[in-house]
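**Student:**
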């Protein structure tokens, strides 16, 4: 009888040790996952908050946008991207989906979905600004955005930070950091691309 009690005690103790080891291992794995996520978040935060960025978009373009007649990078060709609008973009090989002549603006705006202002967002084009017409807008001009590259962009009030008359490109690319292919990314400027 004494031996049975001792055996039950040993088995119970062994089971408790095994269960606590499993729980500890599980917690350690969760902790490691959280650390990895935090490191990625910190890296992204250094560049910009991209949580609302639409990774892929529609191939639809705004009314009145003029197709470039003789773009440096032809539709269907490939180019190397030299922009960091999104993580994994810089250095990626892109396929040109569309090329258009317009004025591209970097803007600062507060998303309509609330949150911190998005500073120096590149790029919004002339045709994505409400009632912009065809005349170049001045630096500091307050505008309403009609583009929807990011969550909360459409309808947001913005300020023009910089501008460039250029050919803008819609591109497809696979991020250098891995992950799904990004399709119909709007926009990169001609100076942000180089021949492959």
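Numbering (our numbering), first residue to last: 2 to 197.
In this text, a Cβ means the ideal position worked out from N, Cα and C, and glycines have one as well.
No experiment lies behind these values; they were computed from the predicted model shown.
For residue 181, does the count of other Cβ atoms within 10 angstroms reach 16, so buried, or fall short, so exposed?
**Tutor:** Stepping through the chain shown from its first residue, residue 181 is reached at position 180. So residue 181 counts as exposed.
**Student:** Quick check: the stretch 171-187 against the stretch 86-96, are there 3 or more CB pairs under 8 angstroms?
**Tutor:** The stretch 171-187 vs the stretch 86-96: in contact.
**Student:** Can you give me the C-alpha to C-alpha distance between residue 119 and residue 109, rounded to a whole angstrom?
**Tutor:** For this step, residue 119 is matched to residue 118 along the chain shown. For this step, residue 109 is matched to residue 108 along the chain shown. Those two C-alpha atoms are separated by around 6 angstroms.
**Student:** Does DSSP put residue 79 in a helix, a strand or coil?
**Tutor:** Sequence index remark: in the chain shown, residue 79 carries index 78 (1-based). Of the three classes helix, strand and coil, the one that applies to residue 79 here is strand, per DSSP.
**Student:** What's the gap between the Cα of residue 75 and the Cα of residue 62?
**Tutor:** The residue labelled residue 75 in the question sits at position 74 within the chain shown. The residue labelled residue 62 in the question sits at position 61 within the chain shown. In a straight line, the C-alpha of residue 75 is about 17 angstroms away from that of residue 62.
**Student:** Where do the ends of the beta strand (DSSP E) carrying residue 126 lie?
**Tutor:** Within the chain shown, residue 126 is the residue found at index 125, counting from 1. That run of the beta strand (DSSP E) goes 119-126.
**Student:** Just the Cα atoms here: how many angstroms apart are residue 98 and residue 82?
**Tutor:** Here residue 98 is taken as the residue at index 97 of the chain shown, counted from 1. Here residue 82 is taken as the residue at index 81 of the chain shown, counted from 1. Straight-line Cα distance between these residues: approximately 14 angstroms.
**Student:** In three-state DSSP terms, what is residue 192?
**Tutor:** Here residue 192 refers to the residue found at position 191 when the chain shown is read from its first residue. In this structure, residue 192 counts as helix in the three-state DSSP scheme.
**Student:** Would you verify that the beta carbon of residue 86 is, or is not, closer than 8 angstroms to some beta carbon of chain B?
**Tutor:** Absent from the structure is chain B; it holds one protein chain and no more.
**Student:** Could you check which residue in 150, 163, 67 has the C-alpha nearest to that of residue 142?
**Tutor:** As a first step, residue 142 is located in the chain shown; it is residue number 141 there, counting from the start. Selected option, being the one with the closest Cα: 163.
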